[in-house]
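All residue numbers for the sequence shown refer to numbering that gives the first Met the number 0, where the first residue is 0 and numbers rise by one. Here a beta-carbon is modelled for each residue, glycine too, at the ideal position from N, C-alpha and C. Since the structure comes first, as structure tokens, the remarks are kept for the end.
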Amino acid sequence: MTDNRNQVISLISRIDSLTSVYLKNKLEKQGISGIVSSHGFILHLLTLHKKLTMGEISKLINRDKSTTTALIKKLEQGGFLRKVTCKSDSRVRYIMLTPAGLKLTATTADISKELINTAYKNFSDSEKTELYTLLLKLEENFKNS
């Protein structure tokens with residue numbers, strides 16, 4: 000029997016690719032194109048926090064500021080986000096959802112639920128917990144290296 004334990008990073012990469020294709024197909028069925036998982040995560044964060052600065056979003060999505068700027072710009076051009084200047088400090092600009100962004104967020108939330116259900120199909124609750132725990136441990140190994 001072949002020992003596949005050394006292929007774990009490759010497996011994670013393949014799963015990431017498969018989930019990207021899954022999300023793209025589901026979004027296209029809803030008539031939405033050009034949105035990727037990072038966009039969906041930003042939309043989700045803004046439903047939770049209502050308004051965030053570019054720096055806050057960068058930290059929360061674990062991306063550098065230039066990548067975050069490009070993601071935000073795409074959502075802003077699509078009419079899903081708007082920038083608002085802070086009243087007490089004009090140097091600070093908040094990112095907020097527009098009504099179109101709220102509508103898109105509802106759609107992406109439903110698709111995310113389908114994605115999670117597909118991912119955990121045939122998993123017991125204890126297997127779900129164990130998988131999550133092990134992946135967190137793997138993540139920490141890279142954060143600390």
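Per the coordinates, the alpha-carbon of I41 lies some 21 Å from the alpha-carbon of K28. Of all alpha-carbon atoms in N61, H48, G78, the one lying nearest the alpha-carbon of K102 is that of G78. Secondary structure at I94: strand, using DSSP grouped into helix, strand and coil. When the alpha-carbon of L44 is set against those of K58, S144, L133, the nearest one is in K58. Straight-line spacing of the CA atoms in T46 and D2 works out to 44 Å. Here the stretch 17 to 34 does not lie against the stretch 87 to 95, with fewer than 3 beta-carbon pairs under 8 Å apart.
The beta-carbon separation of M95 and K64, rounded to 18 Å, does not stay under the 8 Å limit for a contact. Secondary structure at V20: helix, using DSSP grouped into helix, strand and coil.
Cβ atoms of S19 and S37 stay farther apart than 8 Å, at about 10 Å.
In the DSSP assignment, L51 is bridged to I94. For V83, DSSP records a beta bridge to Y93. In the three-state DSSP reduction, D15 falls in the helix class (H, G or I). Its chain contains G78, F79, L80, R81 as the residues whose beta carbon lies nearer than 7 Å to that of T97, once the 5 sequence neighbours on both sides are disregarded; these appear in chain order.
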